[in-house]
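As given, the protein sequences belong to chains A and B, one line each in that order.
For the first sequence, our numbering begins at 60 and goes up steadily by one.
For the second sequence, our numbering begins at -6 and goes up steadily by one.
Glycine included, every Cβ here is placed at the ideal spot set by N, Cα and C.
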Amino acid sequence: NAGVTQTPKFQVLKTGQSMTLQCAQDMNHEYMSWYRQDPGMGLRLIHYSVGAGITDQGEVPNGYNVSRSTTEDFPLRLLSAAPSQTSVYFCASSYRSGGADNEQFFGPGTRLTVL
Amino acid sequence: KNQVEQSPQSLIILEGKNCTLQCNYTVSPFSNLRWYKQDTGRGPVSLTIMTFSENTKSNGRYTATLDADTKQSSLHITASQLSDSASYICVVTLSNSGYALNFGKGTSLLVTP
C-alpha cells in the first residue's frame, strides 16, 4: 500500500494564481481531511469529508475548495492564492472520524509558497 | 483559547536522558487521546492511543499515561536517541458526531549528542 500520497511536494505561486493540491489514499478510508501547518499554530483543519460526495468546512476554510467524487481522491483547490496561504499542507485519512479506529494517516505534505 | 495545551513548547535534552511531555485538555466528551510523532519535513505518525479506561500504555521507549479525571496525559521517553528529535502532537478525540479531533500545537524535542 502506498498509504496517503500528495502532489506536488513543493509549489511556488504568484498572488492571484489558482492551483489544486492532489491527495489520494489506497486504504479504502471513508474519512479524509486537509490541514495546514504554520509555525507556532499547529495543525489546523481546512476541510474534511466523511465519504464520497460529502464535504464540510473546518476551522480555516476561506480561500479553499474541496470535492470528493471518489473514496480515494480528495483534492484541495486554492481559488486565488494569497501570501497568507503560504504554509505546509497535509492530507490525512482514517477509517473512521471517531472512536479507536480514527488513527489519522498523514501524507508527506506539500510546501506552498505564495509570492 | 486552545482546548488542548501542550508543554513545554520546546525541549532540548542530551542523548540517553529521559524526558516527559505534557498534554492537558479541557474538551469533552472524551473518546480517546493519541500522541503523534512528526519528524522534520514529514507527516505525523501515531505513536499510541489512550482510551478512557487506560492509565498507561507503552510503545518501545515511549510510555503514555492518562488521567481522565484531571484531563492530563504525559508522554515519557526513556533513554532518548538522536532519532527522537521531532515534534510530538497530542490529539484528543471527542465522542460526538461530526469532526471530533482537537489538536495540540505540539512540543518540539531536540536530542543532542
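Just grab the DSSP bridge partners of residue i for me.
i	result
B:Lys50	B:Ala57
B:Thr63	Answer is none; B:Thr63 lacks a bridge partner.
B:Asn25	B:Thr44 and B:Thr86
A:Thr172	A:Val71
B:His69	B:Thr13 and B:Thr56
A:Arg95	A:Arg103 and A:Tyr148
A:Asn121	According to DSSP, which records beta bridges pairwise, A:Asn121 is partnered with nothing at all.
Determine the direct distance from the alpha carbon of residue j to that of residue i, and round the result to whole angstroms.
i	j	result
A:Thr66	B:Asp62	43 angstroms
A:Gln144	A:Arg103	12 angstroms
B:Met43	A:Tyr90	21 angstroms
A:Arg136	A:Phe69	15 angstroms
B:Thr49	A:Thr129	39 angstroms
B:Arg27	A:Gly158	11 angstroms
A:Trp93	B:Ala72	35 angstroms
B:Tyr81	A:Gly75	35 angstroms
B:Thr58	B:Leu68	7 angstroms
B:Ser78	A:His88	30 angstroms
A:Gly117	A:Gly168	18 angstroms
A:Tyr107	A:Gln163	12 angstroms
B:Thr100	A:Asp97	14 angstroms
B:Ser51	B:Asp60	15 angstroms
B:Asn95	B:Thr56	21 angstroms
B:Tyr29	B:Arg35	12 angstroms
B:Leu14	A:Arg95	23 angstroms
B:Glu8	B:Ser0	20 angstroms
A:Asp132	A:Gly99	29 angstroms
A:Arg170	A:Gln81	13 angstroms
Should residue i go down as buried or exposed, given a rule of 16 or more other Cβ atoms within 10 Å for buried?
i	result
B:Ala93	buried
B:Arg54	exposed
B:Gln2	exposed
B:Gln74	exposed
A:Val63	buried
B:Thr105	exposed
A:Ile113	exposed
B:Val84	buried
B:Lys98	buried
A:Val125	buried
Taking Cβ positions only, does residue i come closer than 9 angstroms to chain A?
i	result
B:Ala79	no
B:Leu7	no
B:Leu14	no
B:Leu94	yes
B:Thr86	yes
B:Asn11	no
B:Arg0	It is Ser, not Arg, that sits at residue 0 of chain B in the sequence shown. No, B:Ser0 lies away from the interface with chain A (no Cβ there is under 9 angstroms from its Cβ).
B:Ser24	yes
B:Asn89	yes
With a cut-off of 9 angstroms, does the C-beta of residue i fall near any C-beta of chain B?
i	result
A:Gln163	yes
A:Pro120	no
A:Leu102	yes
A:Gly99	yes
A:Gly166	yes
A:Val125	no
A:Val63	yes
Residues within the region 43 to 75 of chain B neighbouring chain A, beta-carbon criterion of under 7 angstroms: Thr44
task: Output, in sequence order along the chain, the residues in the region 140 to 158 of chain A whose CB is closer than 8 angstroms to any CB in chain B.
output: Phe149, Ala151, Ser156, Gly157 and Gly158
message: Along the region 27 to 44 of chain B, where does the CB come closer than 9 angstroms to a CB of chain A? Name the residues.
response: Arg27, Tyr29, Gln31, Gly34, Arg35, Gly36, Pro37, Val38, Ser39, Ile42 and Thr44
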